[in-house]
Amino acid sequence: MYGLQLDERTFEAMLQNMTNLELLSLPFVNISSPIPVNISSSLRYVDLEYTNLRGVLTESFFLLPNLERLKLGFNALLKGILPKIHPSSTLLELHISYTGISGELPDSIGTLSSLNILYFHGCDFSGHIPDSIGNLTQIRYLNFTDNHFTGHIPSTISKLKHLTHLALESNSFSGEIPDAFSNLQELRYLDLYSKSFIGSFPSTILNLIHLQYLDLSSNSQSGLLPSNASMFPKLTELDLSYNSLNGTIPSWVFSQPLLVD
12 MYGLQLDERT FEAMLQNMTN LELLSLPFVN ISSPIPVNIS SSLRYVDLEY TNLRGVLTES
72 FFLLPNLERL KLGFNALLKG ILPKIHPSST LLELHISYTG ISGELPDSIG TLSSLNILYF
132 HGCDFSGHIP DSIGNLTQIR YLNFTDNHFT GHIPSTISKL KHLTHLALES NSFSGEIPDA
192 FSNLQELRYL DLYSKSFIGS FPSTILNLIH LQYLDLSSNS QSGLLPSNAS MFPKLTELDL
252 SYNSLNGTIP SWVFSQPLLV D
């Protein structure tokens with residue numbers, strides 16, 4: 012996987028000397044270094060995915076005044092809790108998927124007012140998703156897949172009007188699928204695969220006219236499917252397997268261009 016290597020001393024010296032550096036992109040370069048602390052305040056773009064970074068994620072990256080994109084994912088030796096996030100109107104993307112980052116998601120996550128993309132899948136987060144998630148009003152992609160989140164999905168998620176992709180599968184949520192999803196009118200992709208959600212098929216999501224992918228599999232959904240799904244005109248993939256639904260399968264399930272699992 013790693014064709015290039017960069018030893019720790021060289022990496023540190025490079026960052027210290029490049030005081031005007033705006034773009035740092037070294038994915039798939041084997042650095043095997045602690046996560047850097049002394050870095051250029053001019054940085055706008057950082058991509059250190061698949062670099063074998065190790066150590067504890069500190070708040071240093073979140074103090075960079077011009078940072079727009081931060082990608083630290085796929086570094087399993089990157090540990091600790093997510094530090095307090097300082098308010099930022101510049102950060103657009105945050106990727107820390109498949110790291111060892113754990114603990115609860117801090118309320119300060121809601122201070123990233125311009126964030127478009129948030130990928131936290133495959134980490135060790137636990138506890139509830141904070142209500143402050145509703146402050147990410149510019150977000151389009153939100154992925155919390157394969158963590159240990161519990162409790163109810165906060166109703167404040169209804170404020171995420173620009174959300175197109177929402178992936179919450181493989182967590183330990185409880186309760187019913189919230190009505191708040193009905194406000195996410197731009198949603199194209201919704202994955203709630205889990206063993207958590209109870210109740211009947213959430214009729215409120217029938218309002219999501221742009222929805223193309225819907226996975227509600229492996230939950231405890233019961234009762235009948237709605238007979239009229241004319242509000243699903245663009246749905247191409249539907250997975251309702253391993254639930255407790257009953258009754259007659261309505262004709263819309265077999266309509267084109269729908270593909271059913």
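The numbering of the sequence shown is our numbering, which starts it at 12 and goes up by one.
For every residue, glycine included, the Cβ atom is placed at its ideal position computed from N, Cα and C.
Note that the coordinates shown come from a computational prediction; the quantities given were computed from them, not determined experimentally.
Residue i (DSSP reduced to helix, strand or coil)
| i | result |
| --- | --- |
| L74 | helix |
| G121 | helix |
| I216 | helix |
| S228 | coil |
| G114 | strand |
| D202 | strand |
| T167 | helix |
| S11 | There is no way to answer for residue 11, as the model of the chain reaches only from 12 to 272. |
| G162 | strand |
| A87 | coil |
| G66 | strand |
| D142 | helix |
| R20 | helix |
| F136 | strand |
| S233 | strand |
| N239 | coil |
| D157 | coil |
| S262 | helix |
| S99 | strand |
| S255 | strand |
| S193 | helix |
| R80 | strand |
| S207 | coil |
| H221 | coil |
| E248 | strand |
Identity of the residue in the options nearest residue i by Cα
| i | options | result |
| --- | --- | --- |
| E60 | S113, P98, N86 | N86 |
| I168 | F73, T148, F184 | T148 |
| S51 | N218, L78, L201, T69 | L78 |
| N218 | S185, L195, L64 | L195 |
| L103 | R80, H139, Q16 | R80 |
| L256 | I216, T69, N230, F136 | N230 |
| P117 | T156, E70, G84 | E70 |
| L75 | S262, T30, F212 | T30 |
| Y130 | L177, S53, T62, F160 | L177 |
| F243 | V264, T259, S100 | V264 |
| I209 | K82, I120, G186, H159 | G186 |
| D226 | D250, I260, N239, T215 | D250 |
| L235 | S119, I107, Y253, T259 | T259 |
| P273 | S228, Q223, D190 | Since the first and last residues shown for the chain are 12 and 272, residue 273 lies out of range. |
Integer-rounded CB distance, given that residue j should sit under 8 Å from residue i
| i | j | result |
| --- | --- | --- |
| H163 | L198 | About 19 Å; that fails the 8 Å criterion. |
| P165 | I144 | 6 Å |
| L126 | L93 | Incorrect: roughly 14 Å between the Cβ atoms, too far for contact. |
| T175 | Y200 | 7 Å |
| F73 | H97 | 5 Å |
| N232 | S207 | A quick correction: the sequence has Gln, not Asn, at residue 232. Not really, about 11 Å apart at Cβ, beyond 8 Å. |
| I150 | L171 | 6 Å |
| F155 | H132 | 7 Å |
| D157 | S181 | 4 Å |
| S193 | I216 | 7 Å |
Contact with chain C by residue i, beta-carbon distance below 8 Å
| i | result |
| --- | --- |
| T122 | Checking the listed chains, one finds no chain C in this structure; it contains a single protein chain. |
Q: Decide if the region 40 to 60 is in contact with the region 15 to 29; the criterion is three or more beta carbon pairs, one per stretch, under 8 Å apart.
A: The region 40 to 60 makes contact with the region 15 to 29: 3 or more CB pairs, one atom from each, lie closer than 8 Å.
Q.
As an exercise, report each continuous beta strand (DSSP E) stretch of at least 3 residues that is fully enclosed by the region 24 to 52, in chain order.
A. If only complete runs of 3 or more residues are kept, the region 24 to 52 shows the beta strand (DSSP E) at 34 to 36, in order along the chain.
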